[in-house]
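Chains as they are written, first to last, in the numbering used here: chain L, 1 to 102; chain D, 103 to 268.
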């Protein structure tokens, strides 16, 4: 069976599911961020695969680049929040964050 | 089987395998390093899809930037010795059930849907076309992106600095 659109979409779906599993089960803030990165990568594979097999132009790749850019911004902000959180609570277990104020 | 097919399945196995390590590993350092395999595998998949520029961007930003940032955060917030407790996971069984059903539905949808096919599948350099689009049709989102990055940069500095007590 030749490699086609379906193969890439299935890889994207698997990455998305594994990322969702990480986000659902982990209680460690950094692991949750890693799960979000997996989800974004799965979505990106879909964008590029559709741009290659379905539309035949590069607009899908443009959206993929925007997603990568926003992922970089999200990682920087998310990790800054995690570091600030660690300075206050001395842990990065998200269940420790149950107070709205110090 | 063709050589390209073999390589594709190899890359897919590396990508999915290291993504599974990220999701299931008990050790957060292992998770963080497995992310390298996933990002590199996704870059290789972009090469298979004829998206050379996106593949380069993936390597530069994900492998060179985000991964290093995540490793920094792991090292700064953990004593490396007690990694077992720090990467705990709760509700594995219900989550696995939900993910299993979800993945089954997704794959079923992907198989059944008659996707639109391009007239011809091209393998051509994409960088010039992407540059034209960024400075043409997508100029406003492109400029907004730089604004978002500047805001993220300042925001990250403001959030993570230590407050001076007066």
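Ideal Cβ positions, reconstructed from N, Cα and C, are used throughout, including at glycine.
Within the same chain, show all residues whose beta-carbon is closer than 8 Å to that of residue i, passing over the 5 residues directly before and after it, in chain order.
{"i": "residue 89/L", "result": "96 and 97"}
{"i": "residue 132/D", "result": "123"}
{"i": "residue 20/L", "result": "35 and 39"}
{"i": "residue 82/L", "result": "29, 30, 33 and 92"}
{"i": "residue 113/D", "result": "143, 146, 147 and 150"}
{"i": "residue 58/L", "result": "51"}
Give me, in chain order, the residues of the same chain whose beta-carbon lies closer than 7 Å to that of residue i; leave out the 5 immediate sequence neighbours on both sides.
{"i": "residue 63/L", "result": "47"}
{"i": "residue 176/D", "result": "130, 131 and 134"}
{"i": "residue 169/D", "result": "137, 138 and 141"}
{"i": "residue 41/L", "result": "15"}
{"i": "residue 161/D", "result": "145"}
In chain order, what residues of the same chain lie with their CB nearer than 6 Å to the CB of residue i, ignoring the 5 residues before and after it?
{"i": "residue 94/L", "result": "27 and 29"}
{"i": "residue 78/L", "result": "33"}
Counting along the chain, where does the alpha helix (DSSP H) carrying residue i start and finish?
{"i": "residue 167/D", "result": "Looking at the DSSP string, residue 167/D is not in any alpha helix (DSSP H), and its letter there is neither H nor E."}
{"i": "residue 7/L", "result": "5-25"}
{"i": "residue 219/D", "result": "It is not in any alpha helix (DSSP H) - residue 219/D carries neither H nor E in the DSSP assignment."}
{"i": "residue 161/D", "result": "No alpha helix (DSSP H) holds residue 161/D; DSSP gives it neither H nor E."}
{"i": "residue 83/L", "result": "59-89"}
{"i": "residue 243/D", "result": "241-262"}
{"i": "residue 120/D", "result": "105-126"}
{"i": "residue 233/D", "result": "229-236"}
{"i": "residue 225/D", "result": "Looking at the DSSP string, residue 225/D is not in any alpha helix (DSSP H), and its letter there is neither H nor E."}
{"i": "residue 140/D", "result": "130-150"}
In whole angstroms, what separates the C-alpha of residue i from that of residue j?
{"i": "residue 74/L", "j": "residue 254/D", "result": "8 Å"}
{"i": "residue 15/L", "j": "residue 87/L", "result": "32 Å"}
{"i": "residue 211/D", "j": "residue 204/D", "result": "11 Å"}
{"i": "residue 22/L", "j": "residue 150/D", "result": "27 Å"}
{"i": "residue 154/D", "j": "residue 200/D", "result": "35 Å"}
{"i": "residue 116/D", "j": "residue 60/L", "result": "24 Å"}
{"i": "residue 145/D", "j": "residue 156/D", "result": "8 Å"}
{"i": "residue 118/D", "j": "residue 6/L", "result": "15 Å"}
{"i": "residue 4/L", "j": "residue 53/L", "result": "8 Å"}
{"i": "residue 227/D", "j": "residue 142/D", "result": "20 Å"}
{"i": "residue 261/D", "j": "residue 76/L", "result": "10 Å"}
{"i": "residue 44/L", "j": "residue 99/L", "result": "36 Å"}
{"i": "residue 208/D", "j": "residue 252/D", "result": "37 Å"}
{"i": "residue 196/D", "j": "residue 247/D", "result": "38 Å"}
So, with DSSP's three-state summary, where would you put residue i?
{"i": "residue 44/L", "result": "helix"}
{"i": "residue 191/D", "result": "strand"}
{"i": "residue 97/L", "result": "coil"}
What's the call for residue i, buried or exposed, on a 16-neighbour Cβ count within 10 Å?
{"i": "residue 34/L", "result": "buried"}
{"i": "residue 239/D", "result": "exposed"}
{"i": "residue 218/D", "result": "exposed"}
{"i": "residue 103/D", "result": "exposed"}
{"i": "residue 230/D", "result": "exposed"}
{"i": "residue 164/D", "result": "buried"}
{"i": "residue 140/D", "result": "buried"}
{"i": "residue 25/L", "result": "buried"}
{"i": "residue 55/L", "result": "exposed"}
{"i": "residue 233/D", "result": "exposed"}
Tell me whether residue i counts as near the ligand NAP, meaning its Cβ is closer than 7 Å to at least one heavy atom of that ligand.
{"i": "residue 9/L", "result": "Absent from the structure shown: the ligand NAP. Ligands present: none."}
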